[in-house]
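Student: Chains as they are written, first to last, in my numbering: chain G, 1 to 295; chain V, 296 to 590.
Below are the structure tokens for one structure; questions will follow.
2 protein chains.
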Amino acid sequence: MAANPIGIISMQFVRPFTDQHLALLAQIRELGFEFIELLVPEPEDRLDLRELRKCLEVNQLDVLLAARVNLQRSICSEDETNQKTGHAYLKYCLKVANELGAKIIGGPIYGEPLVFAGRAPYPWTAEEMNRRAERMIEGLSVAAEAARIEGKIFAVEPLNRFETDLLNTTNQAIELVDLVNNDGLGLLLDTFHMNMEDASLVESIKKAGSRIVHFQANENHRGYLGSGSLPLKDVIRALREIQYDGPISLEPFRRNDERLALPIAHWRQPDKDQLPKLQDSLQLIRSTLNSSGQE
Amino acid sequence: MAANPIGIISMQFVRPFTDQHLALLAQIRELGFEFIELLVPEPEDRLDLRELRKCLEVNQLDVLLAARVNLQRSICSEDETNQKTGHAYLKYCLKVANELGAKIIGGPIYGEPLVFAGRAPYPWTAEEMNRRAERMIEGLSVAAEAARIEGKIFAVEPLNRFETDLLNTTNQAIELVDLVNNDGLGLLLDTFHMNMEDASLVESIKKAGSRIVHFQANENHRGYLGSGSLPLKDVIRALREIQYDGPISLEPFRRNDERLALPIAHWRQPDKDQLPKLQDSLQLIRSTLNSSGQE
């Protein structure tokens, strides 16, 4: 990939992504994106990975994977079955990555996103917290080593406090990645979550430095890039400063809708007019990257 | 109250606030705060309202109330019992306000905060959404009229997408307040939530204008004011521009703790060193208010 390829998440268009949606790849390429960030398909999703890979190659699109974990698929779980299912799932992600030729698998791979799994923040005791942290470190050490052997990288992503109680801040994620200390584990930062949990986007990026292997440039409210209050130029300059040349993906799936009583956190169908807006988002980040690199 | 009294939320110190905690009021006054934002006490909280009122007067502290609603206490509920309990609760809030001499009762008074109530975002149909919006408008119309008659104001607060699916953005809240159109209903804006849902803090404040009856100045990550990325000066200037002279409260209850596997969304005991930090927060907002008003 060239420096800083820009990609788009598959669920910007459709969820789940199946054999019926392969034509989307040509559209995504035509918009100008260089990779797709694909939610790791579930076995029941009817997605032929060989067909998909061919289609990616035809369209000269790269692919990154986004892991889909949950409480029953969690290497940090206090329940042994859930823990094992979590480990088996991460292995499955590596298998899918191999079949598609993807190098990076990102997401909250520790396994416990809360809101969408329907669990409220739980008042863990200090001891329980320690054990969860230990399981996270040990579990990710195992997963990282498996990835390293395959030439892959898991990119662990902190989520905001409402989506997980395991890893929220960039500081925590840096500590975690350093404790695991394996080339098979890097950091995925998402400005949507950072905007809620970090003191400073710029300082967090600088601190994280070369640990970052994937980056998600999202507006504070997850609207189209440029439509919110994200200080994009500052973010891009910080990425330049740490010489980040890895992938950057967009996930502007807020949708253009402010009806009363609308469940914003819930996934909805794309806006009808999203294609030109996605193209604007892409051009905004590409031109910001280009101009910030000029003398 | 003088222009822009600055207050602090009671759960910065303790939860629940009971007869045992009346001495905190002297401490809060000594720090320089002008009002306390008190969570509406539950009947079982053992808080003697007459004693509290005396104690507030002795310490020259004003009081605002923060309503505590939930799924079973929701004027928007599809369940009639929950709906009635929601209405009864808002009446109870007015009673408490009368007994304490409070004028404003703020919060997500529509009744359905999600995360702490343990419900994941629910995929309502368009029709269900409409009915929920109607119940919100009708329910708040009844509540607003009851407040107006008593010389009180309910201040409805949009929460971020993870805490409710009824009212998230300032735009939605403006629409709601205008539809209800009653002096007994105003707007409570909290920069913590706005930072996640609005395109621009400044534009939202200007749009909301005189509908705002209470304001919460919170950092993006809910740390001590000044420790995060909130553009405080811009926010204060916008409030000046709309000639907002109402109360502003602080709720920096993030706590100073970044252990791995820490449930940040869960309430925790105060930092041991919080008093000087609260004083710094107070001085920062007061001095920003003062200097932004100078020629």
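Note that CB positions come from ideal geometry on N, CA and C, so glycine has one too.
Tell me the residue span of the alpha helix (DSSP H) that contains G434 (chain V).
Tutor: To locate residue 434 (chain V), count along the second sequence from 1; it is residue 139. Run containing G434 (chain V): 421-444, per the alpha helix (DSSP H) assignment.
Student: With a CB to CB cut of under 6 Å and the five nearest residues on each side skipped, what residues in its chain are close to N82 (chain G)?
Tutor: Along the first sequence, read from residue 1 onward, the residue named residue 82 (chain G) stands at position 82. Counting only Cβ-Cβ distances below 6 Å, and skipping sequence neighbours, we find Q72, S74.
Student: Comparing the C-beta of F510 (chain V) with each C-beta of chain G, is any distance below 9 Å?
Tutor: Within the second sequence, numbered from 1, the residue matching residue 510 (chain V) stands at position 215. No, no contact with chain G.
Student: Select from V:L462, V:L483, V:N455 the residue whose C-alpha is nearest the C-alpha of M424 (chain V).
Tutor: Residue numbering aside, residue 424 (chain V) sits at position 129 when the second sequence is read from its first letter. Nearest option by C-alpha distance: V:L462.
Student: Taking the beta strand (DSSP E) that Q216 (chain G) belongs to, which residues open and close that run?
Tutor: Within the first sequence, residue 216 (chain G) is the residue found at index 216, counting from 1. Per DSSP, Q216 (chain G) belongs to the beta strand (DSSP E) from 212-216.
Student: Counting C-beta neighbours from all protein chains within 10 Å, is the total for A397 (chain V) 16 or more, i.e. buried, or is it exposed?
Tutor: Here residue 397 (chain V) refers to the residue found at position 102 when the second sequence is read from its first residue. Per the 10 Å Cβ criterion, buried.
Student: Do we get a CB-CB distance below 9 Å when we pair D19 (chain G) with the residues of chain V?
Tutor: Residue mapping note: residue 19 (chain G) aligns to position 19 of the first sequence, counting from 1. Judged by the 9 Å Cβ criterion, D19 (chain G) is not in contact with chain V.
Student: Pull up the distance between the alpha-carbon of V364 (chain V) and that of S305 (chain V), whole angstroms please.
Tutor: Locating residue 364 (chain V) in the second sequence gives position 69, where the first residue counts as 1. Locating residue 305 (chain V) in the second sequence gives position 10, where the first residue counts as 1. Each residue's alpha carbon lies about 17 Å from the other.
Student: Contact defined as beta carbons within less than 8 Å: I believe H214 (chain G) pairs with L64 (chain G). What is the distance between those atoms, to the nearest angstrom?
Tutor: As a working mapping, residue 214 (chain G) is identified with position 214 in the first sequence. As a working mapping, residue 64 (chain G) is identified with position 64 in the first sequence. Correct: roughly 7 Å between the Cβ atoms.
Student: Determine the extent of the beta strand (DSSP E) in which I153 (chain G) is found, giving its start and end residues.
Tutor: Position 153 of the first sequence holds residue 153 (chain G). That run of the beta strand (DSSP E) goes 153-156.
Student: Let me confirm a value: P571 (chain V) is counted as buried when at least 16 other C-beta atoms fall within 10 Å, else exposed. Which label applies?
Tutor: Taking the second sequence and counting its residues from 1, one reaches residue 571 (chain V) at position 276. With fewer than 16 other Cβ atoms within 10 Å, it is exposed.
Student: Which bits of chain G does N490 (chain V) rub up against, with CB to CB less than 8 Å?
Tutor: Residue 490 (chain V) sits at position 195 when you count from the first residue of the second sequence. Per Cβ cutoff of 8 Å: N195, M196, N220, S229.
Student: In three-state terms, what does DSSP make of A361 (chain V)?
Tutor: Working through the second sequence from its first residue, we reach residue 361 (chain V) at position 66. Strand at A361 (chain V).
Student: Is the Cβ of E470 (chain V) closer than 9 Å to any Cβ of chain G?
Tutor: The count along the second sequence starts at 1 and reaches residue 470 (chain V) at position 175. Closer than 9 Å to some Cβ of chain G, the Cβ of E470 (chain V) qualifies, so yes.
Student: Identify whether P276 (chain G) lies in helix, strand or coil by the three-state DSSP scheme.
Tutor: The count along the first sequence starts at 1 and reaches residue 276 (chain G) at position 276. Three-state result, P276 (chain G): helix.
Student: So which residues of chain V does E51 (chain G) contact, with C-beta pairs closer than 8 Å?
Tutor: Indexing the first sequence from 1 puts residue 51 (chain G) at position 51. Near E51 (chain G) there are no residues of chain V at all, since even the closest Cβ is about 30 Å away, more than 8 Å.
Student: Going straight from the alpha carbon of L47 (chain G) to that of N160 (chain G), what length do you get?
Tutor: Numbered from its first residue, the first sequence carries residue 47 (chain G) at position 47. Numbered from its first residue, the first sequence carries residue 160 (chain G) at position 160. Straight-line Cα distance between these residues: approximately 31 Å.
Student: For the stretch 520-540 of chain V and the stretch 277-284 of chain G, state whether three or more C-beta atom pairs, one from each stretch, are separated by less than 8 Å.
Tutor: Counting Cβ pairs under 8 Å, fewer than three are found: no touch.
Student: Of all the CB atoms in chain V, is at least one closer than 9 Å to the CB of T191 (chain G)?
Tutor: The residue labelled residue 191 (chain G) in the question sits at position 191 within the first sequence. Output row for T191 (chain G): interface = no.
Student: At a Cβ threshold of 9 Å, is S587 (chain V) touching chain G?
Tutor: Along the second sequence, one-based indexing puts residue 587 (chain V) at 292. Taking Cβ atoms only, chain G never reaches closer than 9 Å to S587 (chain V), which makes this a no.
Student: Can you tell which of G:P263, G:Q216, G:R240, G:Q279 has its C-alpha closest to the C-alpha of A237 (chain V)?
Tutor: Residue 237 (chain V) cannot be examined here, being either before or after the span of chain V that is shown, 296 to 590.
Student: Closer than 8 Å between beta carbons: that is the criterion. Which residues of the stretch 437-469 of chain V meet it against chain G?
Tutor: Taking 8 Å as the Cβ-Cβ cut-off against chain G, the residues of the stretch 437-469 of chain V that qualify are N455, R456, F457, E458, D460, L461, L462, N463, T464, N466, Q467.
Student: Which residues of the stretch 548-574 of chain V have a Cβ closer than 8 Å to any Cβ of chain G? Give them in chain order.
Tutor: Hits within the stretch, in order: E553, R554, L555, A556, L557, P558, I559, A560, H561.
Student: For the 8 Å Cβ check, are there 3 or more pairs between the stretch 240-248 of chain G and the stretch 502-521 of chain V?
Tutor: Judged by Cβ distances under 8 Å, the stretch 240-248 of chain G makes no contact with the stretch 502-521 of chain V, as fewer than three pairs qualify.
Student: In chain order, which continuous runs of the beta strand (DSSP E) of length 3 or greater are located wholly inside the stretch 341-412 of chain V?
Tutor: The qualifying runs are 357-361, 399-402.
Student: Using the Cβ count rule (16 or more neighbours within 10 Å means buried), how would you classify Y594 (chain V)?
Tutor: For residue 594 (chain V) there is no data in the structure shown, the boundaries of chain V being 296 and 590.
Student: Residues in its own chain within less than 8 Å of L100 (chain G) by CB, not counting five upstream and five downstream?
Tutor: Looking up residue 100 (chain G) in the first sequence gives position 100. Result list for L100 (chain G): L38, L49, L52, R53, L56, V63, L65, in chain order.
Student: From M296 (chain V) to I28 (chain G), what does the alpha carbon distance come to, in whole angstroms?
Tutor: As a first step, residue 296 (chain V) is located in the second sequence; it is residue number 1 there, counting from the start. As a first step, residue 28 (chain G) is located in the first sequence; it is residue number 28 there, counting from the start. Here M296 (chain V) scores only 45 on pLDDT, less than 50, and its place in the model should not be relied on; the value that follows carries that caveat. Roughly 58 Å between the two C-alpha positions.
Student: Can you check which of these residues, G:V235, G:L188, G:I149, G:P123, is closest to G293 (chain G) by C-alpha distance?
Tutor: Residue mapping note: residue 293 (chain G) aligns to position 293 of the first sequence, counting from 1. Answer by Cα proximity: G:V235.
Student: At a Cβ cut of 7 Å, what residues of the stretch 419-434 of chain V count as close to chain G, listed as they run along the chain?
Tutor: Taking 7 Å as the Cβ-Cβ cut-off against chain G, the residues of the stretch 419-434 of chain V that qualify are W419, M424, R427, A428, M431.
Student: Report back the beta-carbon spacing between H87 (chain G) and V142 (chain G) to the nearest angstrom; my notes put them in contact at under 8 Å.
Tutor: By 1-based counting over the first sequence, the position of residue 87 (chain G) is 87. By 1-based counting over the first sequence, the position of residue 142 (chain G) is 142. Indeed, because the Cβ distance is near 7 Å, the residues count as touching under 8 Å.
Student: Given that a residue counts as buried once 16 or more other Cβ atoms are within 10 Å of its Cβ, and exposed if not, what is E407 (chain V)?
Tutor: Working through the second sequence from its first residue, we reach residue 407 (chain V) at position 112. E407 (chain V) should be labelled buried.
Student: Sort V:I400, V:R427, V:I432, V:D374 by Cα distance to F449 (chain V) and report the nearest one.
Tutor: Position 154 of the second sequence, counted from the first residue, corresponds to residue 449 (chain V). When each option's Cα is compared against that of F449 (chain V), the closest is V:I400.
Student: How is M296 (chain V) classed by DSSP in three states: helix, strand or coil?
Tutor: What you label residue 296 (chain V) is simply residue 1 of the second sequence in a count that begins at 1. At M296 (chain V), the pLDDT of 45 sits below 50, so the modelled position is not reliable; the number obtained from the coordinates is stated separately. Three-state DSSP puts M296 (chain V) in coil, outside helix and strand.
Student: In chain G, what lies closer than 9 Å to Y417 (chain V) by C-beta?
Tutor: Taking the first residue of the second sequence as position 1, residue 417 (chain V) is located at position 122. Near Y417 (chain V) (Cβ distances below 9 Å), the residues of chain G are P263, H266.
Student: So, is N393 (chain V) buried or exposed, given that buried needs 16 or more other C-beta atoms within 10 angstroms?
Tutor: For the purposes of this step, residue 393 (chain V) is taken as residue 98 along the second sequence, with counting starting at 1. N393 (chain V) should be labelled exposed.
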